[in-house]
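Each residue of the sequence shown is one higher than the last, beginning at 24 in our numbering.
What follows is a set of notes on a single structure, which appears directly below.
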Amino acid sequence: MKRNIAVLQGDGIGREVTRGAVEILEAVAQRYGHEFDFQYGDIGGGAIDLTGSPLPDDTVKICQNSDAVLLGAVGGPKWDDQPAHLRPERGLLKIRKDLNLYANIRPISYYSSLSESSPLKKEFIEDVDFVIVRELTGGLYFGKPSERVERDGKEAVVDTLFYQKSEMKRIIELAFAMASNRKKKVTSVDKANVLESSRMWRETAEEVAKDYPDVTLEHMLVDNAAMQLIKNPKQFDIIVTENMFGDILSDEASVLTGSLGMLPSASISAEGPNLYEPIHGSAPDIAGKNLANPIGTILSAASMLRLSFGLEDEAHAVEQAVETVLEYGLRTGDIANGQRDITTTSEMIAEIKASL
Ligand code: NAI
Ligand code: MG
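See the structure below:
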């Protein structure tokens, strides 16, 4: 079966790391007898320079006609002084909205070969293996009104936390479905002692749980969750939470296992293709120097194989290949931790491909 993959390289190291992921996907196609067709679209600063828009209509069309989207990263100092509607990040927000990407999935797993890259003690993070499922298109970041107001003659401001119950239900269901294929535990994070929205979230989680009798549901208040992530991260399997809590907790969790350059993410669409991207940005400080770690993007491509195409063996093979080169001692600068022999981006890609 032929699969169409939209590739949005973006800016800075986005170009270098997506090239790596495409090479790995091509190798997978060859080895397992699949056909992947890659269509390239512009996004971010490069797109602004070319077309005047951070997300040209053509790019949206390429994505909508694809089976899955691979994204690098956008942004850079060159575009920092642009007016808001002409900033690269606008392209990113718009593609998430245009593709209705309601869930952001961020796996956090431990690599024994990288234990020295984490600021935390080995015994706390050994065997850490959980996933944060963050709601991505609702809540405080999208609620209206969001504006400066005058109340009782005083300067004031309002942001709105709005969710439809159905928006809560679909992401909590996704979390349970994922947990039932893993360690069968869902931790639903909220602030139900204070927020009405959280009380509805908690109720919804209880309702969904009835359909998954083999999955344990636990509720945790967000402030406690922030502490537990550092204190005892091994307790988690799936964490599901609303947009802002998830934004904060997923960045917190990313430091557990080491470098930004290692971590993949998947954004799940309610109706069309999913989008896969590393969690890091365009890293202008190392862009174009063959120094970027391509692993976060390559692991994002592995998630694409698993979640969009149902190719579990192929996804596993890519993850295994990454693990093998790490055990071998290959290290880009961000995970080198003092090691002097630094692996370049292109070497890392070639070695992962070879180990496939
Ligand atoms: P960043 O993630 O680009 O870089 C932070 C630090 O981590 C830098 O020192 C960088 O060299 C290093 N780093 C990041 N990815 C790496 C990799 N794969 N291999 C090795 N080292 C890596 O974040 P920063 O510097 O705050 O932002 C730079 C630009 O990226 C900004 O314009 C920002 O808006 C944009 N950005 C874009 C994102 C996206 O496209 N999803 C996400 C975050 C930032
Ligand atoms: Mg964030």
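Beta carbons: idealized from backbone N, C-alpha and C, even for Gly.
Note that the coordinates shown come from a computational prediction; the quantities given were computed from them, not determined experimentally.
- Put simply, of 339, 364, 355 the residue whose alpha carbon is nearest the alpha carbon of residue 378 is 339.
- Cβ contact annotation for residue 205 (same chain, cutoff 8 Å, sequence separation greater than five): 154, 260, 261, in chain order.
- Inter-segment contact for the segment 331 to 348 and the segment 300 to 307 is absent: fewer than three beta-carbon pairs are separated by less than 8 Å.
- The Cβ neighbour count for residue 26, taken over all protein chains shown within 10 Å, is at least 16; the residue is labelled buried.
- Residue 172 counts as exposed, since fewer than 16 other C-beta atoms from the protein chains shown sit within 10 angstroms of its C-beta.
- By the Cβ test, the segment 68 to 77 is not in contact with the segment 308 to 315, since fewer than three Cβ pairs between them sit closer than 8 Å.
- For residue 207, the three-state secondary structure derived from DSSP is coil.
- Per the C-alpha coordinates, the member of 348, 358, 362, 359 positioned closest to residue 373 is 348.
- In the three-state reduction of the DSSP assignment, residue 83 falls in the helix class.
- Rounded to the nearest whole angstrom, the C-alpha separation of residue 83 and residue 130 is 27 Å.
- Distances from the alpha-carbon of residue 58 to those of 24, 31, 67 put 24 closest.
- Per DSSP, the continuous alpha helix (DSSP H) segment holding residue 376 begins and ends at 368 to 378.
- Classified as buried, residue 243 has 16 or more neighbouring CB atoms from the shown chains inside 10 Å of its CB.
- The beta carbon of residue 294 sits closer than 7 Å to those of 123, all from its chain and outside the five residues before and after it, given in chain order.
- Judged by DSSP secondary structure, residue 247 falls outside any beta strand (DSSP E) and instead within the alpha helix (DSSP H) spanning 245 to 254.
- Here the alpha carbon of residue 81 sits roughly 18 Å from the alpha carbon of residue 112.
- Beta-bridge analysis with DSSP links residue 214 to no other residue.
- As computed with DSSP, residue 63 is found in a beta bridge with 30.
- In the three-state DSSP reduction, residue 167 falls in the strand class (E or B).
- Between residue 213 and residue 245, the C-beta gap is smaller than 8 Å, which places the two residues in contact.
- For residue 359, the distance from the CB to the nearest heavy atom of the ligand NAI is not below 7 Å.
- The beta carbon of residue 355 sits closer than 7 Å to at least one heavy atom of the ligand NAI.
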